[in-house]
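Numbering (the numbering used here), first residue to last: 301 to 510.
In this text, a Cβ means the ideal position worked out from N, Cα and C, and glycines have one as well.
Nothing here was measured: the structure is a model prediction, and the numbers come from that model.
Structure representation (structure tokens):
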């Protein structure tokens, strides 16, 4: 496996991530998006790292990076709109290196960002973990834009989540016109302390079915 520091520019700021390539030659990547940067979320989040390991084993190149608002740029946070711009620029930087974007996986704030990004970018799949409907609709975002997502979507949410309501998953899914699978996780909260093995099994099945 090859691991390199990955830098790209967003509005005169340099954002930093980690680009990893599996042992096999792969120019197809997934981007991994972390939870809210103002509440401790960063690219080293344990769920993000688990997703990184999983997708490397599935043969994908992976990119995880810190949104604006993390410790490296704490005053630069500009909401989910800014985070979506961060992903836009990360994708451009990858494509400039000859790496195509196959899918995006986002957790919490990153899940809501994934949905916004996918409404503008053609992808093969997206996966969200505990995406927030409230964050998705921040700044008067027109949620009907999600109808432009054409790729398969896999969504997870803990039934006992007391930070982002479980019903957010259903509310978001009703805005989608593409194939979508919803997975409610029994006895799971917002932090995926119980069910990551199940999540990974579901993702393997989802990816292998395409």
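Residue i - containing alpha helix (DSSP H), residue span
i           : result
residue 470 : 467-473
residue 417 : 409-418
residue 433 : 433-436
Whole-angstrom distance between residue j and residue i, CA atom to CA atom
i           : j           : result
residue 401 : residue 411 : 17 Å
residue 475 : residue 467 : 13 Å
residue 321 : residue 373 : 26 Å
residue 375 : residue 369 : 6 Å
residue 484 : residue 362 : 26 Å
residue 508 : residue 360 : 13 Å
residue 472 : residue 433 : 6 Å
residue 397 : residue 426 : 22 Å
residue 409 : residue 304 : 25 Å
residue 350 : residue 331 : 13 Å
residue 452 : residue 441 : 22 Å
residue 462 : residue 329 : 32 Å
residue 313 : residue 379 : 16 Å
residue 423 : residue 404 : 8 Å
residue 365 : residue 439 : 24 Å
residue 323 : residue 336 : 31 Å
residue 367 : residue 348 : 13 Å
residue 413 : residue 318 : 19 Å
residue 338 : residue 428 : 20 Å
residue 420 : residue 487 : 34 Å
residue 346 : residue 340 : 12 Å
residue 435 : residue 389 : 21 Å
residue 443 : residue 505 : 29 Å
Simplified DSSP state of residue i, which is helix, strand or coil
i           : result
residue 329 : strand
residue 477 : coil
residue 508 : helix
residue 464 : coil
residue 380 : helix
residue 449 : coil
residue 399 : coil
residue 324 : coil
Element boundaries [beta strand (DSSP E), containing residue i]
i           : result
residue 456 : 453-458
residue 303 : 302-310
residue 421 : No beta strand (DSSP E) holds residue 421; DSSP gives it neither H nor E.
residue 318 : 313-321
Contact test: residue i Cβ vs the ligand GTP heavy atom, cutoff 7 Å
i           : result
residue 409 : The ligand GTP is not part of this structure, which contains no ligands at all.
Segment contact flag, the stretch 481-499 with the stretch 448-463, C-beta cutoff 8 Å, min 3 pairs:
yes
Does the contact criterion of 3 or more C-beta pairs under 8 Å hold for the stretch 499-508 versus the stretch 354-365?
yes
Could you give the uninterrupted runs of the alpha helix (DSSP H) lying entirely in the stretch 332-376, keeping only those of 4 residues or more?
346-357
With contact counted as at least three CB pairs below 8 Å, one residue from each stretch, are the stretch 380-394 and the stretch 304-311 in contact?
yes
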